[in-house]
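Visitor: In our numbering, the protein residues as written are 31 to 220. Positions of the beta carbon are idealized from the N, C-alpha and C atoms, including for glycine. Below you will find the structure I want to go over with you.
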């Protein structure tokens, strides 16, 4: 486990930060941008969890995803060959796909694109999905410049799908309780 005795280190005061291998890079480096976007996505999922406290299975699923995202960060923070460092594996993608299938099984087929909204939980899931998409773009950009674990992009892509289906499931659950369900796009605003 990690032990953190000091939060204030002053090591980043000059605009540089340390990677997991001890090397120093600018805080605006593409790898740090990707790490920051993953962190933002994780924070958005943490906020989503506040809206699903009455659904313990969903909360547990999101807790696993938050831990996965920390693993993504651990993977990203060490450039080059892994050695004995933590690397995300396809097992996490397989779990996401199984959860997507389970969530989607009870949903009506879509007849239109879905706008972010409906229930508070669904809206928060859409915010988290958008944050994951940004993280995915940053990781794709980094992967174009240097070798990365290919599982990272696949995981983030699947996670955004997962959050979309979860948002729909949150709205469907509300629909069964008298809520409005998904908010569908009306082309041309009419």
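Identify whether residue 188 lies in helix, strand or coil by the three-state DSSP scheme.
Guide: helix
Visitor: What residue range is occupied by the uninterrupted alpha helix (DSSP H) comprising residue 56?
Guide: No alpha helix (DSSP H) contains residue 56, which is instead part of the beta strand (DSSP E) from 54–56.
Visitor: Relative to the alpha-carbon of residue 186, which residue among 172, 115 and 162 has its alpha-carbon at the smallest distance?
Guide: 162
Visitor: So does residue 127 have its beta carbon nearer than 7 Å to some heavy atom of the ligand GDP?
Guide: Inclusion of the ligand GDP in the displayed structure is not the case, the ligand content being empty and no account of it being possible.
Visitor: Pop quiz: residue 136 and residue 213 are said to be a contact at Cβ under 8 Å. What is the actual Cβ separation, rounded to whole angstroms?
Guide: Incorrect: roughly 19 Å between the Cβ atoms, too far for contact.
Visitor: Check residue 39 in the structure and name its three-state DSSP category.
Guide: coil
Visitor: Which residue spans inside the segment 93–157 form an unbroken alpha helix (DSSP H) run of at least 4?
Guide: 120–135
Visitor: Just checking my contact of residue 182 with residue 118 at CB under 8 Å: how many whole Å lie between their CB atoms?
Guide: 6 Å
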